[in-house]
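One structure is given here, and the rest of the page talks about it.
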Amino acid sequence: MKKILVVDDEHDIRVMLDEFLTLKNFKVKTAQDGLDALNVIDDFKPDLAIVDIKMPNMDGVDFSKTILKKNSSFSIIVITGYAAQYNIDEILEIGVKKILSKPLNFSTLYDTIQKYIH
Numbered sequence: 015m016k017k018i019l020v021v022d023d024e025h026d027i028r029v030m031l032d033e034f035l036t037l038k039n040f041k042v043k044t045a046q047d048g049l050d051a052l053n054v055i056d057d058f059k060p061d062l063a064i065v066d067i068k069m070p071n072m073d074g075v076d077f078s079k080t081i082l083k084k085n086s087s088f089s090i091i092v093i094t095g096y097a098a099q100y101n102i103d104e105i106l107e108i109g110v111k112k113i114l115s116k117p118l119n120f121s122t123l124y125d126t127i128q129k130y131i132h
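Under my numbering, the first residue of the sequence shown carries the number 15, and numbering increases by one thereafter.
Below, the structure is given as structure tokens:
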């Protein structure tokens, strides 16, 4: 069973994604911000992460940079409701596979996961 780490500071988003991905036969672990995710990732060893950009403590960009420095082939899908506030090209240049806008289209999310999960 493939494993996905969901990182988002919004509790409802974490729960919604956990339920959706579990129904799609993924093992899911959630974290409320980048720092929390760093504490989870080594033990959980996910195949892919879905990461919000705007979070307290450590945002999705800094989390992605930290993880991709350790493992440049790790698959990260960024989700955001604030795409206009960020330079999308710069985020993709650090190695993020895809950026999806909130509210999420679950069909698009699932297709994106299938494309990038190892």
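Just so you know, even glycine gets a beta-carbon here, dropped at the ideal spot from N, CA and C. Keep in mind that this is a model prediction, so the values were computed, not measured.
Excluding the five sequence neighbours on either side, which residues of its own chain have a C-beta within less than 7 Å of the C-beta of residue i, listed in chain order?
i: Y124; result: K38
i: F120; result: F34
i: S86; result: G109
i: F88; result: I81, L82
i: V42; result: I18, V20, D32, L35, T36
i: D73; result: G48, I67
i: T122; result: L114
i: L118; result: I93
Given a threshold of 16 other Cβ atoms within 10 Å of its Cβ, counted over all protein chains shown, does residue i qualify as buried or as exposed?
i: D22; result: buried
i: M69; result: buried
i: T44; result: buried
i: I102; result: exposed
i: V148; result: There is simply no residue 148 to check, as the chain begins at 15 and stops at 132 in what is shown.
i: V65; result: buried
For residue i, report the span of its alpha helix (DSSP H) as first-last.
i: S121; result: 120 to 130
Strictly by DSSP, which residues pair up with residue i?
i: K112; result: I91
Could you name the residues of the same chain whose beta carbon sits closer than 6 Å to that of residue i, not counting the 5 residues immediately before and after it, in chain order?
i: M15; result: K41
i: K6; result: No information on residue 6 is available, as it lies outside the stretch 15 to 132 that the chain covers here.
i: G95; result: K116
Is any beta-carbon of chain B found at less than 8 Å from that of residue i?
i: E33; result: Among the chains in the structure shown there is no chain B, since it carries only a single protein chain.
Spatial neighbours of residue i within its chain, please: C-beta separation below 8 Å, excluding the five flanking residues on both sides.
i: Y130; result: L62, S89, I91, K111, K112
**Study point:** Segments assigned alpha helix (DSSP H), at least 4 residues, entirely inside the stretch 18 to 75
**Key:** 25 to 37, 48 to 58
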